[in-house]
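Engineer:
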Amino acid sequence: MKILGINALNHDAAITMIEDGEILFAGHSERYSEIKNDNELNGELFNDCYRYGKPDKVAFFERPYLKKLRQLYAGQYKEVLNFRDTPRFNLKQYIGNAKIEYVDHHQSHAAAGYFTSPYEEAAIVVIDAIGEWDTLSIWYAYGGNFEKRYTLKYPNSLGLWYSAMTQRLGLKPQEDEYILMGMAGWGTQDHTLKNSIYNDFFKRSNKPIQLKDNLHRGCLDWNPEYYPDDDSDDWKFNIAANVQWICEEEIRKVFSLTQKLVPETKNCVYMGGVALNCVANSIIAKHYYPSLWILPNPGDAGSSLGSAAYVFGEHINWKTPFTGYNIKGKYPVKKVLTELLKGNIVGVATGRAEFGPRALGNRSLLADPRGDDIKDKVNVIKHRQKFRPFAPSVLEEHAHEIFDMPVKKSQFMQFVAPCKYPDKYPAICHVDNTSRVQTVSKDDNLGYYKLIKEFYEKTGCPMVLNTSLNVKGKPIVNSYMGGVGFSKKYKVKVF
Ligand SMILES: [Fe+2]
Numbered sequence: 066m067k068i069l070g071i072n073a074l075n076h077d078a079a080i081t082m083i084e085d086g087e088i089l090f091a092g093h094s095e096r097y098s099e100i101k102n103d104n105e106l107n108g109e110l111f112n113d114c115y116r117y118g119k120p121d122k123v124a125f126f127e128r129p130y131l132k133k134l135r136q137l138y139a140g141q142y143k144e145v146l147n148f149r150d151t152p153r154f155n156l157k158q159y160i161g162n163a164k165i166e167y168v169d170h171h172q173s174h175a176a177a178g179y180f181t182s183p184y185e186e187a188a189i190v191v192i193d194a195i196g197e198w199d200t201l202s203i204w205y206a207y208g209g210n211f212e213k214r215y216t217l218k219y220p221n222s223l224g225l226w227y228s229a230m231t232q233r234l235g236l237k238p239q240e241d242e243y244i245l246m247g248m249a250g251w252g253t254q255d256h257t258l259k260n261s262i263y264n265d266f267f268k269r270s271n272k273p274i275q276l277k278d279n280l281h282r283g284c285l286d287w288n289p290e291y292y293p294d295d296d297s298d299d300w301k302f303n304i305a306a307n308v309q310w311i312c313e314e315e316i317r318k319v320f321s322l323t324q325k326l327v328p329e330t331k332n333c334v335y336m337g338g339v340a341l342n343c344v345a346n347s348i349i350a351k352h353y354y355p356s357l358w359i360l361p362n363p364g365d366a367g368s369s370l371g372s373a374a375y376v377f378g379e380h381i382n383w384k385t386p387f388t389g390y391n392i393k394g395k396y397p398v399k400k401v402l403t404e405l406l407k408g409n410i411v412g413v414a415t416g417r418a419e420f421g422p423r424a425l426g427n428r429s430l431l432a433d434p435r436g437d438d439i440k441d442k443v444n445v446i447k448h449r450q451k452f453r454p455f456a457p458s459v460l461e462e463h464a465h466e467i468f469d470m471p472v473k474k475s476q477f478m479q480f481v482a483p484c485k486y487p488d489k490y491p492a493i494c495h496v497d498n499t500s501r502v503q504t505v506s507k508d509d510n511l512g513y514y515k516l517i518k519e520f521y522e523k524t525g526c527p528m529v530l531n532t533s534l535n536v537k538g539k540p541i542v543n544s545y546m547g548g549v550g551f552s553k554k555y556k557v558k559v560f
């Protein structure tokens, strides 16, 4: 039985096809349309997915009429009256008259995490901006059953607040939150500023995330009371540092509450867009749940898999995040290695595309992480802000030698770790000497593992710099047919 799961009409549309517990295909709309976080589906995506057959059942990741009720409450009358954005109207061209099974938004998140996790029994935490009404949910799952034990509802929402702050710093909400997280490392944590921000937005409470106002429309008119004395842009970095600090404290409240509400198990599944905050993820793994599973695609795109898995009702045989468009051929180990050894920055577009926001070796731009000028060069190539850090892909067996890892392995680049030798590896260290580490084993990606292993044998360096194969504001490339759009300043070969 083939089940198609769909996330669309929200942001970052995606579809997943499963059959008897195996993932046949999972991919993002944006990779085909070349529109970042595209909320619309497209025919190319479906054509690629239907190479693996047509579905017997179709699942949708949320309940559209419940969502419209919330939009009515929020005064979003245009959205309420727009029936063109309903799945029944919108999906017909792709699925015909197939019956759609609707799954609650947070239930789809919970199912995506739990059914791909290695656990029979687990606490599940979902934190996002908003689904229909829920913005935080805590569950106990065992033997395929879900018990919801706590919910926080709109307009209280950590995701909405973080997105509002992202927008206030001149970035794109629901897209650039990771840039705010990166900016935080450059700012200063300061109790006065933190308290001032907290008091502006939060009611003092031991309960997590009790907001004073509805931030659905952002907070562009908000100015912090406490500024530094100069007129530089430093205040933005300081705001980012303290926003991130508040976010971490609220997340700590959520996970202490989870330990109280789900005493049966020490396993935890964590999902929702907020689970992309890898700085906070490290705190959770270190202080609350060392046994932690986060799907590499924990946001709404991952709920295409979640809604299909929920309809299936059993664990999925999770093997790999490489489930998208397939560029056939062997991993170009020799060609890429030759470029790296010459000190060049080199692209890889091979095999199946990653499901999730991180490039994990199949659609990546790679470099030697040791050069002092590499970080600036890669930022120029990708037209990115200078302060943005890059991540390392390190052989799993060497990860703990170089990084103070909060977890045994981090194969989906979901955790940050202090680097023990920042002077040796400047290109992959953030300003606070931490790195968002990807560990690589033979099982994770054999070709990529061989490449890093050979690079290690030739140079003594067991890792490479790995950033996504795209330029700022564009999605990761899919087929590489249209090129990448890199700056012409440096020559970059892509294999
Ligand atoms: Fe969500």
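Going by my numbering, the first residue of the sequence shown is number 66, and it counts up by one from there.
Ideal placement from N, C-alpha and C gives every residue a C-beta, glycine not left out.
Owing to the predicted nature of the structure, the values given are computational and were not obtained by experimental measurement.
May I ask whether a heavy atom of ligand 1 can be found less than 8 Å away from the beta carbon of D77?
Structural biologist: Within the sequence shown, numbered from 1, the residue matching residue 77 stands at position 12. Answer for D77: no, Cβ out of range of ligand 1.
Engineer: Just to confirm, are L431 and S458 a CB contact at a threshold of 9 Å?
Structural biologist: Here residue 431 refers to the residue found at position 366 when the sequence shown is read from its first residue. Here residue 458 refers to the residue found at position 393 when the sequence shown is read from its first residue. Yes. Within cutoff.
Engineer: Taking the Cβ atom as the reference point for each residue, do L534 and V559 lie within a distance shorter than 9 Å?
Structural biologist: Residue mapping note: residue 534 aligns to position 469 of the sequence shown, counting from 1. Residue mapping note: residue 559 aligns to position 494 of the sequence shown, counting from 1. Cβ atoms of L534 and V559: closer than 9 Å.
Engineer: For H281, verify whether its CB is less than 8 Å away from any heavy atom of ligand 1.
Structural biologist: Here residue 281 is taken as the residue at index 216 of the sequence shown, counted from 1. It does not: the Cβ of H281 is nowhere closer than 8 Å to a heavy atom of ligand 1.
Engineer: By the DSSP assignment, the beta strand (DSSP E) with N72 in it spans what residues?
Structural biologist: For the purposes of this step, residue 72 is identified with residue 7 of the sequence shown, where counting begins at 1. Note, N72: beta strand (DSSP E), K67 to N72.
Engineer: Quick one: Cα of G196 to Cα of H171, how far?
Structural biologist: Within the sequence shown, the letter at position 131 stands for residue 196. Within the sequence shown, the letter at position 106 stands for residue 171. Each residue's alpha carbon lies about 7 Å from the other.
Engineer: Going by C-alpha to C-alpha distance, which of I262, V308 and S297 sits closest to N288?
Structural biologist: Walking along the sequence shown from the start, residue 288 turns up at place 223. Cα-wise, what sits closest to N288 is I262.
Engineer: Kindly identify the DSSP beta-bridge partner or partners of P457.
Structural biologist: Position 392 of the sequence shown, counted from the first residue, corresponds to residue 457. DSSP output for P457 lists L530 as bridge partner(s).
Engineer: Measure the CB-CB distance between Y555 and A414 and report whether it falls below 9 Å.
Structural biologist: Position 490 of the sequence shown, counting from 1, holds the residue named residue 555. Position 349 of the sequence shown, counting from 1, holds the residue named residue 414. No, they are not a contact pair.
Engineer: Compute the Euclidean distance between the alpha carbons of D193 and L406, then round it to the nearest angstrom.
Structural biologist: Indexing the sequence shown from 1 puts residue 193 at position 128. Indexing the sequence shown from 1 puts residue 406 at position 341. Going from the Cα of D193 to the Cα of L406 covers about 42 Å.
Engineer: Look at the Cβ atom of I359, then the Cβ atom of F320, and state whether they are nearer than 9 Å.
Structural biologist: Translated into the one-based positions of the sequence shown, residue 359 becomes position 294. Translated into the one-based positions of the sequence shown, residue 320 becomes position 255. No, the Cβ-Cβ distance between I359 and F320 is not below 9 Å.
Engineer: Measure the alpha-carbon distance for E242 versus E109 and round it to whole angstroms.
Structural biologist: The residue labelled residue 242 in the question sits at position 177 within the sequence shown. The residue labelled residue 109 in the question sits at position 44 within the sequence shown. Their backbone Cα atoms lie some 28 Å apart in a straight line.
Engineer: Which whole-angstrom value describes the C-beta separation of Y366 and G389, a residue pair presumed to lie in contact below a C-beta threshold of 8 Å?
Structural biologist: Reading the sequence shown from its first residue, position 301 is the one you call residue 366. Reading the sequence shown from its first residue, position 324 is the one you call residue 389. The amino acid at residue 366 is misidentified as Tyr; the sequence shows Ala. Not confirmed; about 11 Å, so no contact.
Engineer: Cα separation between K515 and D508?
Structural biologist: By 1-based counting over the sequence shown, the position of residue 515 is 450. By 1-based counting over the sequence shown, the position of residue 508 is 443. Roughly 11 Å separates the two Cα atoms.
Engineer: Can you list, in chain order, the stretches of the alpha helix (DSSP H) that have 4 or more residues and sit fully within the stretch 238 to 282?
Structural biologist: Within the stretch 238 to 282, the complete alpha helix (DSSP H) runs of at least 4 residues are 242 to 249 and 256 to 266.
Engineer: Taking the beta carbon of S372 as the centre, do at least 16 other beta carbons fall within 10 Å, making it buried, or is it exposed?
Structural biologist: Translated into the one-based positions of the sequence shown, residue 372 becomes position 307. With 16 or more Cβ atoms within 10 Å of its Cβ, S372 is classed as buried.
Engineer: Quick check on the burial criterion: 16 or more other C-beta atoms within 10 angstroms. Buried or exposed for H174?
Structural biologist: Start at 1 with the first residue of the sequence shown, and residue 174 comes out as number 109. Burial call: buried.
Engineer: Check whether the stretch 202 to 218 and the stretch 232 to 242 touch, using three or more Cβ-Cβ pairs below 8 Å as the test.
Structural biologist: Output reads no: the stretch 232 to 242 does not touch the stretch 202 to 218.
Engineer: What residues in its chain sit with their C-beta under 6 Å from that of F302, if we drop five residues either side in the sequence?
Structural biologist: Looking up residue 302 in the sequence shown gives position 237. Cβ within range, chain order: M248, W251 and G252.
Engineer: Would V344 pass as a contact of V502 if the rule is Cβ separation under 9 Å?
Structural biologist: Position 279 of the sequence shown, counted from the start, is the residue given in the question as residue 344. Position 437 of the sequence shown, counted from the start, is the residue given in the question as residue 502. No, the Cβ-Cβ distance between V344 and V502 is not below 9 Å.
Engineer: Helix or strand or just coil, what does DSSP make of V472?
Structural biologist: Against the sequence shown, residue 472 aligns to sequence position 407. Three-state result, V472: coil.
Engineer: Would you call the CB atoms of A139 and N332 closer than 9 Å?
Structural biologist: By 1-based counting over the sequence shown, the position of residue 139 is 74. By 1-based counting over the sequence shown, the position of residue 332 is 267. Going by C-beta atoms, A139 is not nearer than 9 Å to N332.
Engineer: If you scan the stretch 306 to 343 from start to end, which runs of the alpha helix (DSSP H) of 4 or more residues do you find wholly inside it?
Structural biologist: Correct list: empty.
Engineer: Taking C-alpha atoms, which residue in I71, K132 and A187 lies nearest to L106?
Structural biologist: Position 41 of the sequence shown, counted from the start, is the residue given in the question as residue 106. For L106, the nearest C-alpha among the options comes from I71.
Engineer: With respect to 8 Å, is the separation between the Cβ of S368 and the closest non-hydrogen atom of ligand 1 below this value?
Structural biologist: As a working mapping, residue 368 is identified with position 303 in the sequence shown. Under cutoff, so the answer is yes.
Engineer: Select from W226, T216, K268 and V308 the residue whose C-alpha is nearest the C-alpha of Q254.
Structural biologist: Within the sequence shown, residue 254 is the residue found at index 189, counting from 1. Among W226, T216, K268 and V308, the Cα nearest to that of Q254 belongs to V308.
Engineer: Could you have a look at C114 and say whether DSSP puts it in helix, strand or coil?
Structural biologist: Residue mapping note: residue 114 aligns to position 49 of the sequence shown, counting from 1. Looking at C114 - three-state DSSP - the assignment turns out to be helix.
Engineer: Express the C-alpha separation of R153 and Y117 in angstroms, rounding to a whole number.
Structural biologist: Against the sequence shown, residue 117 aligns to sequence position 52. Against the sequence shown, residue 153 aligns to sequence position 88. Approximately 23 Å, taken between the alpha carbons.
Engineer: Pull up the distance between the alpha-carbon of A456 and that of Q450, whole angstroms please.
Structural biologist: Here residue 456 is taken as the residue at index 391 of the sequence shown, counted from 1. Here residue 450 is taken as the residue at index 385 of the sequence shown, counted from 1. One C-alpha to the other measures close to 15 Å.
Engineer: What does the Cβ neighbour count give for P540, buried or exposed, with the cut at 16 atoms within 10 Å?
Structural biologist: For this step, residue 540 is matched to residue 475 along the sequence shown. Buried.
Engineer: Measure the alpha-carbon distance for N260 versus S270 and round it to whole angstroms.
Structural biologist: As a position in the sequence shown, residue 260 is number 195, starting the count at 1. As a position in the sequence shown, residue 270 is number 205, starting the count at 1. Answer to the nearest angstrom: the Cα atoms are 13 Å apart.
Engineer: If you reduce the DSSP assignment to three classes, tell me which class T415 lands in.
Structural biologist: Counted from its first residue, the sequence shown places residue 415 at position 350. Correct three-state label for T415: coil.
Engineer: Just verifying my parser: in three-state terms, what is the DSSP assignment at G404?
Structural biologist: Against the sequence shown, residue 404 aligns to sequence position 339. With the sequence shown as reference, residue 404 is identified as Glu, and Gly is not the correct amino acid for it. Three-state DSSP puts E404 in a helix.
Engineer: Would you mind working out which of G92, I83, P397 and E84 sits nearest P422, comparing C-alpha positions?
Structural biologist: Sequence index remark: in the sequence shown, residue 422 carries index 357 (1-based). Checked all of G92, I83, P397 and E84; the closest Cα to P422 is G92.
Engineer: According to DSSP, is D286 part of a helix, a strand, or is it coil?
Structural biologist: Translated into positions along the sequence shown, residue 286 becomes position 221. Three-state result, D286: coil.
Engineer: Is it the case that the Cβ atoms of E379 and Y205 are separated by a distance below 9 Å?
Structural biologist: In the sequence shown, counting from the first residue as 1, residue 379 sits at position 314. In the sequence shown, counting from the first residue as 1, residue 205 sits at position 140. Contact: no.
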